[in-house]
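Chemist: Got a structure here, written out as structure tokens. Questions coming.
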Amino acid sequence: MSFPLLTATAVLPAVGAVATAAVPAARRTTAKWLALLFSLATLVLAAVIAVRFEPGGARYQLAESHAWIKDFGVRYELGVDGIGVALVALTALLIPFVILAGWHDADPLETGSRRWRPTQGFFALILAVEAMVILSFEATDVFLFYIFFEAMLIPMYFLIGGFGDRAHEHGEQAAATQRSYAAVKFLLYNLAGGLIMLAAVIGLYTQAGNFSLPEIAQARANGSLHLATSTERWLFLGFFFAFAVKAPLWPLHTWLPNAMGEATAPVAVLITAVVDKVGTFAMLRFCLQLFPEASKWATPAILVLALISILYGALLAVGQRDIKRLVAYASISHFGFIILGIFAMTSQGQSGATLYMVNHGISTAALMLVAGFLISRRGSRLIADYGGVQKVAPVLAGTFLVGGLATLSLPGLAPFVSEFLVLVGTFTRHPAIGIIATFGIVLAALYVLVLYQRTMTGPVKAEVAKMPDLRVRELVVVAPLIALLIFLGVYPKPVTDIVNPAVRQTMSDVHQTDPQPEVEAAK
Amino acid sequence: MTTQLAAYATSTGEAFQFWVLATVAVIGALCTVFMKKTVHSALCLAGTMIVLAVFYLANGAYFLGIVQIVVYTGAIMMLFLFVVMLVGVTAADSLRETIKGQRWLALLCGVGFGVLLFAGIANASLKDFAGLGTANAHGNVQGLAALIFTKYVFAFELTGALLITAAVGAMVLTHRERTERARTQRELAEQRVREGAQVPPLPAPGVYARHNAVDIAGLLPDGTPSELTVNRTLRDRGQIRDVSDQALSDLKALEQHAAERLERAKPEPTRKRTEEASK
Amino acid sequence: MNPVNYLYLSALLFTIGATGVLIRRNAIVLFMCIELMLNACNLAFVTFSRMHGSLDGQIIAFFTMVVAAAEVVVGLAIIVSLFRTRHSASVDDASLMKL
Amino acid sequence: MENLIALLIAAPLLGAAVLLCGGRRLDAVGHWLGTFLAGASFVLGAVLFTDMLGKAADARTVTQHLFSWIPVAGFQADVTFRLDQLSMTFVLLITGVGSLIHLYSIGYMEHDERRRRFFGYLNLFLAAMLLLVLADNYLLLYVGWEGVGLASYLLIGFWQHKPSAATAAKKAFLVNRVGDMGLSIAIMLMFTTFGTFAFGPVLDSADKVGEGRLTAIGLMLLLAACGKSAQVPLQSWLGDAMEGPTPVSALIHAATMVTAGVYLIVRSGAIFNAAPDAQLVVTVVGAVTLLFGAIVGCAKDDIKKALAGSTMSQIGYMVLAAGLGPIGYVFAIMHLVTHGFFKAGLFLGAGSVMHGMNDEVDMRRYGGLRTYMPVTFVTFGLGYLAIVGFPGLSGFFSKDKIIEAAFAKGGTEGWILGGAALLGAAITAYYMTRVMIMTFFGEKRWQPDEQGNEPHPHESPGVMTIPMIVLAVGSVFAGGFFSLGDRFLHWLEPVTGHAEGNSPVSAMTVTAATLVLLVVGAGIAYVQYGRRPVPAVAPRGSLLTRVARRDLLQDDFNHVVLVRGGEHLTRSLVYVDHTLVDGVVNGTAASVGGLSGRLRRLQNGFARSYAVSMFGGAAVLVALTLLMRAV
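Protein chains in written order, with the working numbering: chain A, 12 to 534; chain B, 78 to 356; chain C, 32 to 130; chain D, 6 to 636.
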């Protein structure tokens with residue numbers, strides 16, 4: 012038996028979480044370095060996975076399978092396809108940056124307090140989230156997936172509710188109130204989704220007799236497991252609802268602005284760039300594979316909802332007064348694109364959606380983390396409190412602009428590739444929806460540039476006049492992300508090569524082929 | 078004879094006994110519930126239990142009948158009485174209901190439940206009566222012992238454990254752990270002086286030897302009672318008997334009596350007036 | 032006479048006891064009412080024992096007594112300690128267990 | 006040789022990367038590095054040009070495949086460059102004018118502490134623009150297309166501390182985005198129609214597709230061109246873009262970037278040729294814009310804005326020509342090149358004037374500058390003569406050809422378009438004469454600036470005048486050089502194709518009419534501004550003047566309809582999100598909370614109360630048991 016690489020990738024951050032939490036209260040810096048070390052080691056393992064993965068090989072590779080709960084046929088089954096590899100890599104990649112960006116976010120306010128250990132807790136929770144997210148990307152057993160899909164809410168809840176921005180326009184008390192509101196809202200929304208999914212998981216079990224995704228999918232494909240039309244639709248809706256809450260899709264989105272607004276910037280990145288990706292990933296992996304017919308049945312409605320998400324999120328982003336909430340609504344818009352790509356049922360759409368997940372993770376991380384650095388300097392999240400930052404902190408402003416340009420999908424940066432693929436993929440099958448979605452790129456330019464103009468340009472406000480530029484630690488966080496954005500924008504082939512075979516198989520699962528061009532162009 | 082008593086057909090004697098004693102038992106039960114004073118309730122309950130003991134005997138459960146009297150009525154009810162005494166034997170319970178709608182709901186539930194039980198018993202097919210003739214053939218106690226030590230031995234052991242646990246539990250609940258060093262008499266005295274508490278011994282209670290006089294407050298020179306003279310437990314229970322009025326009126330009557338006898342004073346004007354009115 | 036009458040008596044006593052539990056506030060009386068209910072049950076068990084001609088019913092009644100004894104011991108201990116702290120034996124005074 | 010194409014782009018890209026990431030260490034040498042790399046790119050372009058001249062006319066197209074960019078199933082986008090005569094023309098124009106303006110900027114931006122960054126942006130612009138014209142497929146072109154938009158955004162807003170500059174930059178980017186939307190939809194349409202969006206296959210098989218589809222593609226491409234080239238209805242950003250430093254206005258908003266739309270239309274000629282309806286729309290847009298820009302140019306007192314109106318108008322000529330099909334493509338590009346020379350020269354001249362006048366832009370505060378700035382006066386004057394179409398100079402040749410071609414379109418359309426073009430020529434003469442007189446002639450109307458500094462006009466340093474002289478030479482001779490023996494026609498014909506139209510009026514008539522109108526236009530301007538003193542404060546003017554000063558109310562329309570409407574929309578959506586979408590959720594939570602508040606009263610803490618419910622429950626259970634047995 013070979014080395015259980017997938018398990019190791021998930022166990023390593025989990026061990027790191029325990030180790031970090033166990034560090035004595037006084038040794039805060041040790042805890043930080045320990046967490047960073049473990050996240051980097053996980054990144055190395057993820058890189059090994061990406062290298063050992065053969066794009067042309069079997070569908071699920073590096074598979075592991077052990078009996079777990081024999082009575083219910085629950086197995087500990089892991090395996091990754093191209094989409095999984097991409098997202099595991101994304102997660103492992105982002106966590107070190109999140110840790111580094113949040114280096115001082117959880118330092119206790121009064122120095123010398125020995126009993127409470129917020130720092131250790133903060134980094135341990137981040138690593139715990141990483142472990143669970145990675146496992147849910149790797150699980151091919153529906154029940155196993157469900158467990159981690161739900162379990163990651165717990166550390167997220169504490170991260171949102173326990174650690175917020177130091178400063179708040181209405182004072183510490185109001186901050187605490189809003190934070191706990193956001194955390195509870197996050198938890199309730201996702202628990203509601205998870206509960207419905209649990210019902211669907213059990214329903215699936217009563218029909219299929221086991222939880223193994225490959226087995227069920229194969230049985231569905233060769234006809235040995237036939238679901239009644241209505242059963243399939245209900246089960247699909249049960250799964251989809253949970254993923255749509257997590258993703259989040261309009262109108263289930265309202266928890267995201269609250270959560271991202273109240274959490275610290277690194278945690279906000281964790282929410283939108285890592286945890287939410289599980290939702291869209293699961294749509295692609297579970298909804299489409301397990302319920303191909305129902306997926307096709309629901310496609311028109313989902314496309315319309317995704318379209319609303321795109322435009323609605325973008326319009327609301329324009330109307331925000333709070334930097335972090337603006338990014339949150341922008342993310343809602345982007346998730347609309349991802350879902351649009353998934354349910355466009357074309358190779359371009361689905362490859363684009365997968366690529367979009369990766370790119371959105373990186374670009375939002377870049378924008379949000381720089382925004383976090385900005386907020387930590389001035390102590391306010393309100394756009395109106397800034398102005399002229401470009402003059403005093405040009406590097407900060409420059410990185411912020413690059414992050415913003417990535418968010419508005421400027422060609423040459425990574426998100427453009429994915430966004431265009433999604434649009435093309437949608438357009439080939441649903442031209443009208445594709446055209447309306449294109450309005451999203453204009454609105455994206457609007458909210459990004461308005462944000463940039465109001466915060467970075469214009470006369471220097473008195474409060475920002477002494478603002479220091481990016482420090483070395485912060486530059487170490489941002490520079491690699493920007494380099495990645497440019498690299499993946501110019502040369503996305505390494506990722507598409509890994510993703511394409513998986514998308515091809517998903518397309519054949521739902522019995523779809525790409526529409527053919529009208530004329531065969533002369534070569 | 079024993080076998081016959083427990084046989085299927087009940088004798089007329091048993092029927093007579095049943096109707097008389099059942100009446101007593103029901104009255105006892107009702108009194109238990111509705112008596113104001115706890116002691117009365119306890120006594121009524123004891124009566125009901127004795128009646129039940131008789132019924133056990135009548136039903137061929139000789140061992141249980143005896144146990145009912147010895148253990149239940151004898152020991153458990155005594156325990157009740159102890160507690161009643163501890164809490165205050167004379168404290169009367171107000172029967173006024175304080176929770177809104179509680180009484181009506183309780184009665185409704187009670188009556189409904191009773192009706193349902195009766196209906197259930199009436200509907201049950203209880204035609205066949207085996208009687209205890211064969212079961213009690215080798216003696217009731219032997220029969221029970223055979224069952225307890227074979228079939229129910231585990232349950233029996235468990236009840237033993239339960240009893241021990243209960244005994245320990247009762248000790249733990251009522252025991253008050255001393256959490257600090259006991260203070261010496263000197264320290265206590267110093268503390269009293271420092272706190273300005275009553276330094277000399279407390280005054281003695283009243284000395285009217287008509288009751289167990291500890292619950293009668295002693296009178297101050299002006300004739301008002303001093304609560305300090307009564308034990309604090311009695312004070313908390315509100316069981317101080319105030320005899321000051323009586324003492325004062327007694328005194329007044331005595332003085333008047335003496336005055337009349339010595340013809341030093343004029344007769345009371347009020348009394349005279351009433352006499353005139355009656356005329 | 033039909034021995035079923037014993038059952039009716041048992042039911043009646045049980046109901047009276049239950050009603051007493053609901054109506055009375057004094058913890059001691061309340062306990063007595065519970066004893067009454069237990070005794071009513073015992074009567075039913077003994078009667079059933081006679082009906083079925085087996086001693087199991089009496090065994091159950093016996094166990095009931097033991098359990099009742101244990102319960103009384105603990106219950107009275109609780110009442111005593113309650114009285115110590117609250118200077119009252121009314122169950123309504125111990126009504127802090129609410130939101 | 007074709008392997009060098011990528012180097013054309015790589016050189017300025019390298020410059021941009023080094024200058025933008027290099028930090029303050031490069032402040033001292035940054036401008037020279039940027040200029041050197043732009044010049045290197047030009048030299049490389051010249052080398053490639055001579056190489057191309059050595060080949061046969063129909064074998065001059067070379068491509069360089071770098072790598073596969075986005076491969077997903079049928080969607081194959083490659084990074085491939087294509088260098089043909091059309092691209093080569095642009096490469097030389099961009100790198101040539103670009104290098105000159107780099108040189109000029111060394112002087113112009115001398116006192117700006119962020120000069121290094123400026124050169125970084127300029128290099129970035131060159132790279133993006135070269136990518137735009139060298140791309141071999143529409144998607145790669147799109148990258149360059151947005152890249153120049155980004156550079157334009159950065160450069161317009163270069164003086165970010167001025168809110169007006171930041172707003173103008175944002176506006177330019179946004180309006181361009183609307184156009185970009187058209188381009189992306191066009192690419193998507195191409196993909197669904199042809200299964201590819203590489204130039205070769207798409208243009209070769211355009212005739213196999215139905216006209217409706219091609220019209221749709223053409224209109225979307227036109228939308229893109231409108232955005233980038235400031236054509237009606239997306240022209241509003243160009244005037245505001247003058248907030249940027251003047252070299253930027255010269256390079257990006259006069260000579261190169263704004264002509265990208267013309268390039269796009271000419272490049273997609275095969276599509277437009279097969280879609281006459283789209284072509285008609287293109288010509289209408291061109292004609293409307295050329296008049297629109299000219300009228301706006303007449304009313305502006307800001308020298309740069311007047312020139313911006315002129316740019317808009319001249320590009321209108323080019324778009325008009327491009328819309329005419331094969332009879333106009335070559336002339337569109339020819340006018341584009343000559344316009345690149347003289348308009349860049351004019352802008353540099355304007356910059357030189359501002360440089361000497363404490364950055365004053367109001368022409369009413371100039372006057373009589375010809376003696377103080379002789380070189381600027383001469384070069385500006387030559388540019389002026391070129392743009393109004395003085396016989397023998399560049400504009401004369403290129404603009405005349407377009408007017409002729411417009412008449413050659415034939416039918417009523419031909420008359421209308423030709424008439425519009427002629428009218429435009431007259432207005433051009435008017436507003437350019439006005440600029441010339443107000444700036445260089447008449448009495449001095451100088452006024453101190455806000456700090457009270459009296460202007461001391463002086464000639465600019467050599468590093469600024471040399472580019473102006475070079476461009477002036479180009480303005481004078483380029484047209485003649487191109488037209489003699491139809492050199493330019495033969496050069497471009499293999500790529501764009503060419504057809505001679507049959508004009509209802511002879512070439513001589515058109516030329517004569519143009520000259521007459523030129524004299525009339527210039528004469529009116531002379532009467533208005535040369536004979537009478539120019540008031541230092543603009544008079545209220547006629548309704549038309551006032552409307553023209555406000556860009557013919559385009560901005561007001563945008564403001565009322567789009568900005569206000571958008572604000573209301575977003576505000577109401579924020580409200581809806583807060584009260585309705587969130588309200589449903591919070592309402593559910595509140596009602597659950599309320600219900601539990603009611604139920605909580607049952608939890609009154611009285612043990613007896615709980616006992617009642619327990620007892621009642623037991624009763625119900627007994628009842629149920631009995632009922633079940635009864636049933």
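Think of the CB as a built atom: it goes at the ideal place given N, C-alpha and C, for glycine as much as any other residue.
Using a Cβ-Cβ cutoff of less than 8 Å, which residues in the same chain neighbour Val-440/D once the five nearest sequence positions on both sides are dropped?
Modeler: Ile-308, Ala-311, Leu-312, Met-368, Tyr-389
Chemist: Any idea what DSSP makes of Pro-302/B, helix, strand or coil?
Modeler: strand
Chemist: Which two residues bound the contiguous alpha helix (DSSP H) that contains Asp-83/D?
Modeler: Per DSSP, Asp-83/D belongs to no alpha helix (DSSP H); it is in the beta strand (DSSP E), 80 to 88.
Chemist: Does Thr-357/A pass the burial test, meaning 16 or more other C-beta atoms within 10 Å, or should it be called exposed?
Modeler: buried
Chemist: For Val-144/B, go through chain C and note every residue whose CB falls closer than 8 Å to its CB, in chain order.
Modeler: Phe-93, Met-96
Chemist: Straight-line CA distance for Leu-131/D to Ala-270/A?
Modeler: 43 Å
Chemist: So, under 8 Å CB-CB, Tyr-113/D and Leu-159/D are touching, yes? Tell me the CB distance rounded to an integer number of Å.
Modeler: About 17 Å separates the two Cβ atoms, so there is no contact after all.
Chemist: Since I believe Thr-501/D is in contact with Leu-91/D (beta carbons under 8 Å), could you give me their beta-carbon distance rounded to a whole number of angstroms?
Modeler: Going by Cβ atoms, the distance from Leu-91/D to Thr-501/D rounds to 7 Å, so yes, they are a contact pair.
Chemist: Run through DSSP, which three-state label would Gly-333/D get?
Modeler: coil
Chemist: For Val-381/A, count neighbouring C-beta atoms within 10 Å of its own C-beta (all shown protein chains included) and say buried if the count is 16 or more, exposed if not.
Modeler: Around the beta carbon of Val-381/A, a 10 Å sphere encloses 16 or more other beta carbons of the protein chains shown; the residue is thus reported as buried.
Chemist: Classify His-118/C as helix, strand or coil using the three-state DSSP reduction.
Modeler: coil
Chemist: Starting from Gly-535/D, trace the beta strand (DSSP E) in both directions and tell me its first and last residue.
Modeler: Per DSSP, Gly-535/D lies in no beta strand (DSSP E) and is assigned neither H nor E.
Chemist: Have a look at Leu-136/A, Leu-281/A, Ala-112/A and flag the residue whose alpha-carbon is nearest the alpha-carbon of Phe-169/A.
Modeler: Leu-136/A
Chemist: Going by DSSP, name the residue or residues bridged to Phe-54/D.
Modeler: Its beta-bridge partners do not exist; DSSP assigns none.
Chemist: What three-state label does DSSP hand Arg-465/A in the structure shown?
Modeler: Three-state DSSP puts Arg-465/A in a helix.
Chemist: Buried or exposed for Glu-149/A, going by 16 or more other Cβ atoms inside 10 Å?
Modeler: buried
Chemist: Starting from the C-beta of Leu-553/A, find all residues in its chain whose C-beta is less than 8 Å away, skip the five residues before and the five after it, and write them out in chain order.
Modeler: This structure leaves residue 553/A out entirely; chain A is present only between 12 and 534.
Chemist: If you draw a straight line from the C-alpha of Ala-207/B to the C-alpha of Pro-34/C, how long is it?
Modeler: 12 Å
Chemist: Arg-86/A lies in the beta strand (DSSP E); which residues open and close that run?
Modeler: 85 to 91
Chemist: May I ask you to report which of helix, strand or coil DSSP gives Phe-250/A?
Modeler: Collapsing the DSSP output to three states places Phe-250/A in a helix.
Chemist: Please confirm whether Leu-263/A and Val-256/A have their CB atoms less than 8 Å apart.
Modeler: The Cβ atoms of Leu-263/A and Val-256/A lie closer than 8 Å to each other.
Chemist: Taking just the CA atoms, how far does Ala-100/C sit from Leu-399/B?
Modeler: Outside the displayed span of chain B (78 to 356) sits residue 399/B, for which this structure offers no information.
Chemist: Can you have a look at Gly-361/D and say buried or exposed, based on whether 16 or more other CB atoms are within 10 angstroms of its CB?
Modeler: buried
Chemist: Assign Tyr-580/D to one of two classes, buried (16 or more other C-beta atoms within 10 Å of its C-beta) or exposed (fewer than that).
Modeler: exposed
Chemist: Can you list the residues of chain D that Phe-195/B reaches, using a CB-CB cut of under 7 Å?
Modeler: Ordered by position in chain D, no residue passes the 7 Å Cβ test against Phe-195/B, which lies about 11 Å from the chain.
Chemist: Using a Cβ-Cβ cutoff of less than 8 Å, which residues in the same chain neighbour Gly-451/A once the five nearest sequence positions on both sides are dropped?
Modeler: These residues qualify, in order along the chain: Ile-321, Leu-322, Ala-325, Ser-344, Gly-347, Phe-348.
Chemist: Tell me the rounded alpha-carbon separation between His-115/A and Thr-85/D.
Modeler: 47 Å
Chemist: Which residue's Cα is closest to the Cα of Leu-71/D: Ala-255/D, Thr-584/D, Arg-87/D, Ile-300/D?
Modeler: Arg-87/D
Chemist: So with CB distances below 8 Å, who are the chain C contacts of Phe-224/B?
Modeler: In the sequence as displayed, the identity of residue 224/B is Leu instead of Phe. Neighbours of Leu-224/B on chain C, chain order: Leu-86, Asp-87, Ile-90.
Chemist: Could you work out which residue in Gly-191/B, Phe-159/B, Ala-196/B is closest to Ala-635/D when comparing CA atoms only?
Modeler: Closest by C-alpha distance to Ala-635/D, out of Gly-191/B, Phe-159/B, Ala-196/B, is Ala-196/B.
Chemist: For the stretch 42 to 62 of chain C, enumerate the residues whose C-beta is nearer than 9 Å to any C-beta of chain B, in chain order.
Modeler: Ala-42, Leu-43, Leu-44, Phe-45, Thr-46, Ile-47, Gly-48, Ala-49, Thr-50, Gly-51, Val-52, Leu-53, Ile-54, Arg-55, Arg-56, Asn-57, Ala-58, Ile-59, Val-60, Phe-62
Chemist: In chain B, which residues lie less than 9 Å from Leu-607/D when you measure between Cβ atoms?
Modeler: Within chain B, no residue comes near Leu-607/D; the closest Cβ sits about 11 Å away, beyond 9 Å.
Chemist: Going by Cα to Cα distance, which pick from Tyr-37/C, Ile-90/C, Leu-107/C is closest to Phe-226/B?
Modeler: Ile-90/C
Chemist: Of all Cβ atoms in chain D, is any one closer than 8 Å to the Cβ of Met-485/A?
Modeler: The sequence given here has Glu at residue 485/A, not Met. Not closer than 8 Å to any Cβ of chain D, the Cβ of Glu-485/A fails to qualify, so no.
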